[in-house]
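S.K.: Mind looking over this structure? Questions follow.
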Amino acid sequence: MKNRISELFDIEFPLIQAGMIWCSGWELASSVSNAGGLGIIGSGSMYPEVLDDQIIKCKNATSKPFAVNLPMLYPDIDKHIETIIKHKVPIVFTSAGNPKTWTPHLQSNGIKVVHVVSSLKFALKAQDAGVDAVVAEGFEAGGHNGRDETTTMCLIPKVASEIRIPLIAAGGIGTGRAMLAAMNLGADGVQIGSRFVATFESSAHQNFKDRIVNLPEGETILTLKELTPVRVIKNEFYKKIESAYESNADADELKNVLGRGRAKKGMFEGDLIEGELEIGQVASLISNIMHAKDVVREIIDEYRTALEEQKTDKFKF
Ligand code: NDP
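So for the sequence shown, numbering that gives the first Met the number 0 puts the first residue at 0; every next one is plus one.
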């Protein structure tokens with residue numbers, strides 16, 4: 000496959016593994032890149048010296064391009080940027096902040112910049128800021144998300160019809176059929192998160208991986224819109240948030256319920272009760288823990304099978 004996204008990143012398949020706090024370190028990112036996709040190190044959960052070490056390990060594990068995700072709501076962004084430039088990381092995915100802030104600086108250092116958005120309005124702003132591509136992420140996605148609840152099915156065609164730059168679809172995509180559907184809606188590539196959490200190479204805690212592969216449909220929810228909207232599993236910690244809402248808690252009270260370090264507690268330390276477990280709706284389609292390279296292979300194989308099926312009578316009427 001050679002299209003606008005695979006050419007932009009110099010990769011084999013337009014399949015990107017999302018940067019995910021506590022889940023996507025160098026092992027996952029390098030495995031996905033070695034398998035022909037684009038692996039991303041999620042720097043949000045990393046102190047500067049940790050990111051430095053992770054980039055060195057990733058470079059030692061792959062000669063293929065990889066990226067770093069910078070969620071701008073976390074501290075130490077300027078130190079992370081210095082580290083990325085120092086190591087000549089070729090691609091950065093920015094999110095949760097204004098794309099104007101860092102795009103020119105990164106690009107002037109030869110780095111391609113992709114910004115993650117949840118609406119057409121933000122996609123156009125990112126394009127105006129000069130980014131090389133956007134990820135448009137629908138309501139189904141895990142972790143931090145937009146407030147508007149626009150689904151991938153509605154978001155992708157809208158954004159595709161209004162922007163000129165390459166478009167990567169995200170949210171609810173974990174299979175080759177979903178990848179093809181997203182491409183049919185107008186995307187040039189896909190970004191996949193949840194499916195890669197349940198891999199041997201992800202740095203998520205085993206308890207969290209086991210929970211994902213057993214998660215029934217309907218067990219995640221987009222919540223905390225008053226702070227930063229986030230899709231989580233409805234566990235006991237979430238039930239505390241729910242009770243706070245029932246008592247008409249304001250943003251400060253919700254912040255108190257959230258406390259500090261919940262995401263680490265849940266996803267990295269494996270506390271399924273008190274931790275925050277960020278995962279997408281697609282988790283209910285994931286039933287096994289696999290090697291990341293096999294996830295890439297399975298998705299591409301299924302994509303190609305589904306593409307062939309589009310030539311059959313089912314699609315002709
Ligand atoms: P918190 O802000 O609660 O805590 C910081 C966590 O990040 C700790 O686990 C810390 O690790 C780790 N960390 C990594 N790098 C740094 C760094 N450079 N400086 C400080 N801490 C670092 O982390 P969350 O991931 O839960 O949340 C991040 C941000 O997102 C916060 O602003 C939070 O309020 C917001 N948030 C909002 C939510 C919502 O509104 N829905 C949900 C979740 C988060 P260590 O423990 O090792 O120090």
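Don't be surprised by glycine CBs; every beta carbon is placed ideally from N, CA and C.
Go ahead and pull the three-state DSSP assignment for Glu216.
M.R.: Here residue 216 corresponds to residue number 217 of the sequence shown, with the count starting at 1. Glu216 falls in the coil class under three-state DSSP.
S.K.: Among residues of its own chain, excluding the 5 on either side of Asp251, which ones have a beta-carbon nearer than 8 Å to its beta-carbon?
M.R.: In the sequence shown, residue 251 corresponds to position 252, counting from 1. Cβ within range, chain order: n/a, list empty.
S.K.: Please determine whether the Cβ atom of Tyr244 lies at a distance below 7 Å from any heavy atom of the ligand NDP.
M.R.: Your numbering for residue 244 matches position 245 in the sequence shown. Result no, Cβ not under 7 Å from the ligand NDP.
S.K.: Consider the C-beta atom of Ser118 and the heavy atoms of the ligand NDP; say whether any pair is separated by less than 7 Å.
M.R.: On the sequence shown, position 119 is the one that residue 118 refers to. Ser118: no, Cβ never under 7 Å from the ligand NDP.
S.K.: In angstroms with no decimal places, state the Cα-to-Cα distance between Glu6 and Ser117.
M.R.: On the sequence shown, residue 6 is found 7 positions in, with the first residue counted as 1. On the sequence shown, residue 117 is found 118 positions in, with the first residue counted as 1. Distance between the alpha carbons of Glu6 and Ser117: 24 Å.
S.K.: Identify, in the order they occur along the chain, each residue of the same chain with its Cβ nearer than 8 Å to the Cβ of Met289, setting aside the five sequence neighbours on each side.
M.R.: As a working mapping, residue 289 is identified with position 290 in the sequence shown. Taken in chain order, the residues that qualify are Ala197, Thr198, Phe199, Glu297.
S.K.: Would you call the region 223-235 and the region 44-63 in contact, with 3 or more CB pairs under 8 Å?
M.R.: No contact exists between the region 223-235 and the region 44-63.
S.K.: Using a Cβ-Cβ cutoff of less than 6 Å, which residues in the same chain neighbour Gln190 once the five nearest sequence positions on both sides are dropped?
M.R.: Taking the sequence shown and counting its residues from 1, one reaches residue 190 at position 191. Ile15, Ala17, Val134, Ile167, Ala169, listed in sequence order.
S.K.: Would you check if the distance between the CB atom of Phe65 and the CB atom of Ile39 is smaller than 8 Å?
M.R.: Position 66 of the sequence shown, counted from the first residue, corresponds to residue 65. Position 40 of the sequence shown, counted from the first residue, corresponds to residue 39. Yes, these two residues count as a Cβ contact at 8 Å.
S.K.: Since Lys111 is in the beta strand (DSSP E), which residue starts that stretch and which ends it?
M.R.: Taking the first residue of the sequence shown as position 1, residue 111 is located at position 112. Where Lys111 is concerned, the enclosing beta strand (DSSP E) stretches over 111-116.
S.K.: Excluding five sequence neighbours on each side, which residues of the same chain lie with their C-beta closer than 7 Å to the C-beta of Arg146?
M.R.: Within the sequence shown, the letter at position 147 stands for residue 146. So the qualifying residues of the chain are Lys224, Pro228.
S.K.: What residue from Asn97, Lys124, Ile84, Ile164 has the CA that sits closest to Ile110's CA?
M.R.: As a position in the sequence shown, residue 110 is number 111, starting the count at 1. The shortest Cα separation from Ile110 among Asn97, Lys124, Ile84, Ile164 belongs to Ile84.
S.K.: Which of the three DSSP states, helix, strand or coil, is assigned to Val130?
M.R.: Sequence index remark: in the sequence shown, residue 130 carries index 131 (1-based). Three-state DSSP puts Val130 in coil, outside helix and strand.
S.K.: So if DSSP puts Ala135 in a beta bridge, which residue, or which two residues, is it bridged to?
M.R.: For the purposes of this step, residue 135 is identified with residue 136 of the sequence shown, where counting begins at 1. In DSSP, Ala135 forms a bridge with Val116, Ala168.
S.K.: Figure out for me which residue from Asn206, Ile240, Asp209, His204 has the closest Cα to the Cα of Leu221.
M.R.: Taking the first residue of the sequence shown as position 1, residue 221 is located at position 222. Taking only the C-alpha atoms, the option nearest Leu221 is Ile240.
S.K.: Cα separation between Glu268 and Lys313?
M.R.: In the sequence shown, counting from the first residue as 1, residue 268 sits at position 269. In the sequence shown, counting from the first residue as 1, residue 313 sits at position 314. Each residue's Cα considered, the two are about 47 Å apart.
S.K.: Can you tell me whether Gly217 is buried or exposed? The criterion is at least 16 other CB atoms within 10 Å of its CB, across all chains shown.
M.R.: Residue 217 sits at position 218 when you count from the first residue of the sequence shown. Exposed, by the Cβ-count rule.
S.K.: Report all residues from its chain with a CB closer than 8 Å to the CB of Asn287; omit the five preceding and five following residues, and keep chain order.
M.R.: Your numbering for residue 287 matches position 288 in the sequence shown. Closer than 8 Å at Cβ, skipping near neighbours: Ala197, Val212.
S.K.: So is the beta-carbon of Gly260 under 7 Å away from any non-hydrogen atom of the ligand NDP?
M.R.: Looking up residue 260 in the sequence shown gives position 261. Gly260: yes, Cβ under 7 Å from the ligand NDP.
S.K.: Please confirm whether Pro13 and Gly175 have their CB atoms less than 8 Å apart.
M.R.: Within the sequence shown, residue 13 is the residue found at index 14, counting from 1. Within the sequence shown, residue 175 is the residue found at index 176, counting from 1. Cβ distance not < 8 Å, so Pro13 and Gly175 don't count as in contact.
S.K.: Taking DSSP's pairing of strands, which residues face Pro68 in a bridge?
M.R.: Within the sequence shown, the letter at position 69 stands for residue 68. For clarity, residue 68 is Asn in the given sequence; the question names Pro instead. Beta-bridge pairing links Asn68 to Gly41, Phe92.
S.K.: For Glu277, write down the residues that DSSP places opposite it in a beta bridge.
M.R.: Counted from its first residue, the sequence shown places residue 277 at position 278. Per DSSP, Val231.
S.K.: Run through the DSSP bridge pairs and tell me what Leu14 is partnered with.
M.R.: Along the sequence shown, read from residue 1 onward, the residue named residue 14 stands at position 15. Paired residue(s): Val189.
S.K.: Please confirm whether Val294 and Arg194 have their CB atoms less than 8 Å apart.
M.R.: Here the question's residue 294 lines up with position 295 in the sequence shown. Here the question's residue 194 lines up with position 195 in the sequence shown. Cβ distance < 8 Å, so Val294 and Arg194 count as in contact.
S.K.: Can the beta-carbon of Glu219 be found closer than 8 Å to that of Ile172?
M.R.: Here residue 219 refers to the residue found at position 220 when the sequence shown is read from its first residue. Here residue 172 refers to the residue found at position 173 when the sequence shown is read from its first residue. One point to set straight first is that residue 219 is Thr, not Glu, in the sequence displayed. For Thr219 and Ile172, no; Cβs fall outside 8 Å.
S.K.: Taking Ile272 as part of the alpha helix (DSSP H), name the residues at either end of that continuous run.
M.R.: The residue labelled residue 272 in the question sits at position 273 within the sequence shown. Per DSSP, Ile272 belongs to no alpha helix (DSSP H) and is neither H nor E.
S.K.: Relative to the C-alpha of Lys233, which candidate in Gly142, Thr93, Lys1 has its C-alpha closest?
M.R.: Counted from its first residue, the sequence shown places residue 233 at position 234. Residue Gly142 is the option with its Cα nearest to Lys233.
S.K.: Tell me, please, which residues DSSP counts as bridged to Met289.
M.R.: For the purposes of this step, residue 289 is taken as residue 290 along the sequence shown, with counting starting at 1. Beta-bridge pairing links Met289 to Thr198.
S.K.: Return the chain-ordered list of same chain residues with a C-beta closer than 7 Å to the C-beta of Leu306, the five sequence neighbours on each side being excluded.
M.R.: The residue given as residue 306 occupies position 307 in the sequence shown. Leu179, listed in sequence order.
S.K.: How should Lys210 be labelled, buried or exposed, when 16 other C-beta atoms within 10 angstroms of its C-beta is the threshold for buried?
M.R.: Along the sequence shown, read from residue 1 onward, the residue named residue 210 stands at position 211. Note that residue 210 corresponds to Arg in the displayed sequence, not to Lys. It is buried - the Cβ of Arg210 has at least 16 other Cβ atoms within 10 Å.
S.K.: Return the CA-CA distance between Ser246 and Leu184, expressed in angstroms with no decimal places.
M.R.: Taking the sequence shown and counting its residues from 1, one reaches residue 246 at position 247. Taking the sequence shown and counting its residues from 1, one reaches residue 184 at position 185. Roughly 41 Å separates the two Cα atoms.
S.K.: Cβ of Thr61 within 7 Å of any heavy atom in the ligand NDP?
M.R.: Mapped onto the sequence shown, residue 61 falls at position 62. Not so, every heavy atom of the ligand NDP lies at least 7 Å from the Cβ.
S.K.: Look at the alpha carbon of Arg3 and the alpha carbon of Glu235, and state the distance between them as a whole number of angstroms.
M.R.: For the purposes of this step, residue 3 is identified with residue 4 of the sequence shown, where counting begins at 1. For the purposes of this step, residue 235 is identified with residue 236 of the sequence shown, where counting begins at 1. Those two C-alpha atoms are separated by around 44 Å.
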